[in-house]
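Reading through the structure tokens given below for one structure.
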Amino acid sequence: MKAKRLGVRASAGFVLTLGCSIASSQVLFLSDAVPFDRGSLARSGFIQVGHDNIVVDPTVRRYTGMVAALGSPNAQGKMYSFVPSPVGPHNFPLSPDELRGWRLTMLSGKRFGQVFTVSTNTESEIRVTADKGSLEGLDVRDVFIIESVDADGVSMFGPADGASAAPSPGV
Amino acid sequence: MARWSSTATIAFGLLAFASPSWAQGARIPADAVDTFHAALKKKDTAAALSLLDRGLVVFEFGVVDPTVEAYAFRHLPFDIDVAAVSTWSIESRRVGGEGNERWVLTTYHVTGRQADGSPIDQITLETMILRRTSDLFRIVHMHWSTNDPKFQALSQPSASPQAAPPPK
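As they're listed, the protein sequences go chains H and G.
Note that the first sequence covers residues 0 to 170 in numbering that gives the first Met the number 0.
Note that the second sequence covers residues 0 to 167 in numbering that gives the first Met the number 0.
Structure below.
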């Protein structure tokens with residue numbers, strides 16, 4: 000589809016940045032489960048990242064990352080926290096509780112597509128609320144996105160009329 | 000009546016508390032496509048993901064997202080942002096296939112405003128291939144392109160130096 004504020008140069012930079020990020024963090028997006036011929040893909044000359052022709056402002060703030068380490072289980076043996084590693088196009092140095100109330104969606108691994116709500120965060124740890132269950136099944140190197148959308152699906156960012164908001168981290 | 004009411008209450012309750020991240024899909028292929036677009040419009044990442052097969056491959060304007068994880072990580076957010084500020088009106092649709100593999104071909108008239116205020120007014124072509132598992136269809140391949148001449152002019156030169164004809 001659609002979006003992208005990136006020109007060709009920006010796209011190239013994005014590709015390089017993401018490529019380096021992924022390579023350095025050993026995130027494997029090319030799942031072995033996918034019967035896709037990687038060799039022919041490379042030989043075809045297709046660029047593996049790209050977007051389209053429409054330029055829009057972000058509608059929510061986003062933080063993307065990878066699970067660097069699992070948190071310690073609580074007294075009941077349930078785990079609700081993990082240590083993130085910033086990966087991808089949407090990340091920034093975390094400030095305490097900056098992500099409080101934001102929606103976390105797992106984008107890989109056993110918890111793919113599962114949604115949690117951030118209860119609190121420090122510069123190096125993210126903790127989720129208990130109402131959507133614990134993080135059992137989460138694994139190191141799983142990737143996720145955290146969006147400034149509350150538990151009711153309402154954006155916590157930007158004016159309602161869709162006008163551009165002031166630049167801020169994660170945008 | 001009371002029995003119906005109780006049943007309806009339970010059903011409504013289940014729907015109300017159903018997380019969109021739970022396995023969804025759709026029983027009708029075109030519904031899966033439309034529900035996916037609706038999820039983008041609602042900025043519902045998990046609902047959008049639930050309509051995608053884990054074997055998803057995306058072709059978009061000459062580029063590739065080779066896995067569902069890659070699409071979700073670096074591309075889906077942009078699609079959500081575009082969906083939020085644009086309207087996709089179906090101009091035509093054809094469906095086909097049989098058994099557990101179906102296709103849905105749709106043309107959309109896409110309108111809206113870009114970040115700089117300039118209008119969005121283009122035709123977007125969409126090919127969706129869907130796979131049925133556990134009685135529900137999910138999208139296993141997406142391919143979008145547009146008739147926007149500005150984008151064609153922009154994208155083709157950048158792709159051509161290293162591009163070879165795609166394998167037949």
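Cβ coordinates follow ideal geometry from the N, Cα and C atoms, glycine included.
**Request:** Decide if the stretch 99-110 of chain G is in contact with the stretch 59-78 of chain G; the criterion is three or more beta carbon pairs, one per stretch, under 8 Å apart.
**Result:** Contact fails between the stretch 99-110 of chain G and the stretch 59-78 of chain G, because fewer than three Cβ pairs, one in each stretch, are under 8 Å apart.
**Message:** Using a Cβ distance threshold of 8 Å, determine whether the stretch 118-138 of chain G contacts the stretch 22-40 of chain G, with at least three qualifying pairs required.
**Reply:** As far as the Cβ criterion goes, the stretch 118-138 of chain G touches the stretch 22-40 of chain G, which means the pair count is three or higher.
**Asked** Does DSSP put residue 68(G) in a helix, in a strand, or in coil?
**Response** Residue numbering aside, residue 68(G) sits at position 69 when the second sequence is read from its first letter. Three-state result, residue 68(G): helix.
**Message:** Any beta carbon from chain H within less than 7 Å of residue 44(G)'s own beta carbon?
**Reply:** Residue numbering aside, residue 44(G) sits at position 45 when the second sequence is read from its first letter. At least one chain H Cβ lies under 7 Å of residue 44(G).
**Message:** Strictly below 7 Å CB to CB, what residues from chain G border residue 127(H)?
**Reply:** As a working mapping, residue 127(H) is identified with position 128 in the first sequence. Those within 7 Å of residue 127(H) in chain G number zero; the least Cβ separation is about 13 Å.
**Asked** Just the Cα atoms here: how many angstroms apart are residue 32(H) and residue 63(G)?
**Response** As a working mapping, residue 32(H) is identified with position 33 in the first sequence. As a working mapping, residue 63(G) is identified with position 64 in the second sequence. Because the pLDDT of residue 32(H) is 34, which lies under 50, any placement of that residue in the model is unreliable, and the number read from its coordinates should be weighed accordingly. Rounded to the nearest angstrom, the two C-alpha atoms are 17 Å apart.
**Contacting residues, own chain, Cβ-Cβ under 6 Å from residue 196(H) (five flanking each side not counted)** = The requested residue 196(H) is not part of the displayed model; chain H covers only 0 to 170.
**Message:** With a threshold of 7 Å between beta-carbons, can residue 56(H) be considered close to chain G, or not?
**Reply:** Position 57 of the first sequence, counted from the start, is the residue given in the question as residue 56(H). By this cut-off, residue 56(H) is an interface position.
**Asked** Which residues share a DSSP beta bridge with residue 95(G)?
**Response** Working through the second sequence from its first residue, we reach residue 95(G) at position 96. Per DSSP, 102(G).
**Item:** Per-residue contacts from residue 63(H) into chain G (C-beta, under 7 Å)
**Value:** Along the first sequence, one-based indexing puts residue 63(H) at 64. Within 7 Å of the CB of residue 63(H), the CB atoms of chain G belong to 72, in sequence order along the chain.
**Item:** Local conformation of residue 174(H) per DSSP, three classes
**Value:** Summary: the structure shown does not reach residue 174(H), with chain H confined to residues 0 through 170, and so no result is reported for it.
**Message:** Tell me the rounded alpha-carbon separation between residue 83(H) and residue 66(H).
**Reply:** What you label residue 83(H) is simply residue 84 of the first sequence in a count that begins at 1. What you label residue 66(H) is simply residue 67 of the first sequence in a count that begins at 1. In this model, residue 83(H) and residue 66(H) are separated by some 5 Å (Cα to Cα).
**Message:** Strictly under 7 Å for the Cβ-Cβ distance: is residue 114(G) near chain H by that measure?
**Reply:** Sequence index remark: in the second sequence, residue 114(G) carries index 115 (1-based). Between residue 114(G) and chain H, the shortest Cβ-Cβ separation is below 7 Å.
**Prompt:** Comparing alpha-carbon positions, which option in 71(H), 120(H), 59(H), 129(H) lies nearest residue 89(H)?
**Reply:** Residue numbering aside, residue 89(H) sits at position 90 when the first sequence is read from its first letter. For residue 89(H), the nearest C-alpha among the options comes from 59(H).
**Item:** Secondary structure of residue 31(G), DSSP reduced to three states
**Value:** For this step, residue 31(G) is matched to residue 32 along the second sequence. Of the three classes helix, strand and coil, the one that applies to residue 31(G) here is helix, per DSSP.
**Option nearest residue 122(G) by Cα separation, candidates 90(G), 27(G), 54(G)** = To locate residue 122(G), count along the second sequence from 1; it is residue 123. Of the listed residues, the one whose Cα sits closest to residue 122(G) is 90(G).
**Request:** Would you be able to state if there are at least three C-beta pairs under 8 Å between the stretch 83-102 of chain G and the stretch 45-64 of chain G?
**Result:** Counting Cβ pairs under 8 Å, fewer than three are found: no touch.
**Prompt:** Helix or strand or just coil, what does DSSP make of residue 67(H)?
**Reply:** Position 68 of the first sequence, counting from 1, holds the residue named residue 67(H). Looking at residue 67(H) - three-state DSSP - the assignment turns out to be strand.
**Request:** Taking only the alpha-carbon atoms, compute the straight-line gap between residue 129(H) and residue 118(G) and give it to the nearest angstrom.
**Result:** Translated into the one-based positions of the first sequence, residue 129(H) becomes position 130. Translated into the one-based positions of the second sequence, residue 118(G) becomes position 119. Inter-residue distance for residue 129(H) and residue 118(G) is about 44 Å (C-alpha atoms, whole angstroms).
**Message:** Between residue 69(H) and residue 81(H), how many whole angstroms is the CB-CB distance? I'm expecting something under 8 Å.
**Reply:** Residue mapping note: residue 69(H) aligns to position 70 of the first sequence, counting from 1. Residue mapping note: residue 81(H) aligns to position 82 of the first sequence, counting from 1. In this structure residue 69(H) is in contact with residue 81(H), their Cβ atoms being roughly 5 Å apart against a cut-off of 8 Å.
**Asked** Taking C-alpha atoms, which residue in 144(H), 54(H), 155(H) lies nearest to residue 91(H)?
**Response** In the first sequence, counting from the first residue as 1, residue 91(H) sits at position 92. For the residues 144(H), 54(H), 155(H), the minimum Cα distance to residue 91(H) belongs to 144(H).
**Asked** Hey, is residue 138(G)'s beta-carbon within less than 7 Å of any beta-carbon in chain H?
**Response** If you number the second sequence from 1, residue 138(G) lands on position 139. It does not; no Cβ of chain H falls within 7 Å.
**Request:** Keeping to the same chain, check which residues put their C-beta closer than 7 Å to that of residue 42(G); ignore five residues upstream and five downstream.
**Result:** As a position in the second sequence, residue 42(G) is number 43, starting the count at 1. Only 79, 83 meet the Cβ criterion.
**Asked** Is there at least one Cβ from chain H nearer than 7 Å to residue 80(G)'s Cβ?
**Response** Your numbering for residue 80(G) matches position 81 in the second sequence. Interface residue (Cβ-Cβ distance to chain H less than 7 Å): residue 80(G) is classified as such.
**Asked** Taking just the CA atoms, how far does residue 141(G) sit from residue 97(G)?
**Response** Within the second sequence, numbered from 1, the residue matching residue 97(G) stands at position 98. Within the second sequence, numbered from 1, the residue matching residue 141(G) stands at position 142. Per the coordinates, the alpha-carbon of residue 97(G) lies some 18 Å from the alpha-carbon of residue 141(G).
**Request:** Please compile the residues from chain H whose C-beta is within a distance smaller than 9 Å of the C-beta of residue 37(G).
**Result:** By one-based count along the second sequence, residue 37(G) stands at place 38. Going along chain H, no residue has its Cβ under 9 Å from residue 37(G), so there is no contact; the nearest lies around 12 Å.
**Message:** Suppose you measure from the CA of residue 151(H) to the CA of residue 100(H); what does that come to, to the nearest Å?
**Reply:** For the purposes of this step, residue 151(H) is taken as residue 152 along the first sequence, with counting starting at 1. For the purposes of this step, residue 100(H) is taken as residue 101 along the first sequence, with counting starting at 1. Going from the Cα of residue 151(H) to the Cα of residue 100(H) covers about 10 Å.
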